[in-house]
Amino acid sequence: NRTYLKEFLCRHNQERFYVGMFDMNDLKGINDGHGHNNGDLIIRTMASSLKKAFPPSASIFRIGGDEFMTILYKLNLKEILDRIEILRQNLLRSPITLSDHAITTLSFSCGFALHEENMDFEAVLSQADTNMYIEKRKIKGLLIPPSSASCKDPQ
Numbered sequence: 083n084r085t086y087l088k089e090f091l092c093r094h095n096q097e098r099f100y101v102g103m104f105d106m107n108d109l110k111g112i113n114d115g116h117g118h119n120n121g122d123l124i125i126r127t128m129a130s131s132l133k134k135a136f137p138p139s140a141s142i143f144r145i146g147g148d149e150f151m152t153i154l155y156k157l158n159l160k161e162i163l164d165r166i167e168i169l170r171q172n173l174l175r176s177p178i179t180l181s182d183h184a185i186t187t188l189s190f191s192c193g194f195a196l197h198e199e200n201m202d203f204e205a206v207l208s209q210a211d212t213n214m215y216i217e218k219r220k221i222k223g224l225l226i227p228p229s230s231a232s233c234k235d236p237q
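One rule links them: number in this note's numbering = place in the sequence shown (from 1) + 82.
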């Protein structure tokens, strides 16, 4: 995945797109409480849900244990956020039965940043990651510094 991602970015550095970072909430709790097979089920469910949420032009990468990255073309931020809200609602309405018959729902934190022509991808990725962790702290009820910036569409 990482090799393909680097090749992909070399080919598309001249383009405008949004980078989205997704982090699944409490995967460690699933792994610890219900086993890694169930954690794998949750990861597969998240991957499938992301593929359904975005158009075929989207690229989706699993970049870590419970983290995914999306590259989204031809969508503005409002369209992306609308799709994220639908994804959240669909996941809440779709409980997952684990192999030990426990039932859970899937939730995630996410953040986005805009990549424009010739921007440093690492800086864009870092901003998307920062925005994701800002959301994650909000979900956990932690204090957010007032200087935190949100992602906005360019005018």
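By construction, the Cβ of each residue, glycine as well, lies at the ideal position given by its N, Cα and C atoms.
- The straight-line gap separating the alpha-carbon atoms of V101 and D114 is approximately 30 Å.
- If one requires a minimum length of 4 residues, no alpha helix (DSSP H) run lies completely within the segment 130-166.
- DSSP places H197 inside the beta strand (DSSP E), whose first and last residues are 190-197.
- Its Cα nearest to that of A210, the residue F104 stands out among R175, F104, I168.
- One alpha carbon belongs to A205, the other to S181, and they sit about 40 Å apart.
- Beta-carbon to beta-carbon, I162 and F194 are separated by about 6 Å, close enough to satisfy the 8 Å threshold.
- In the structure shown, T187 adopts coil according to DSSP, grouped into three states.
- Under the DSSP definition of a beta bridge, I178 partners with T186.
- Look at G115 here: in three-state DSSP terms it is helix.
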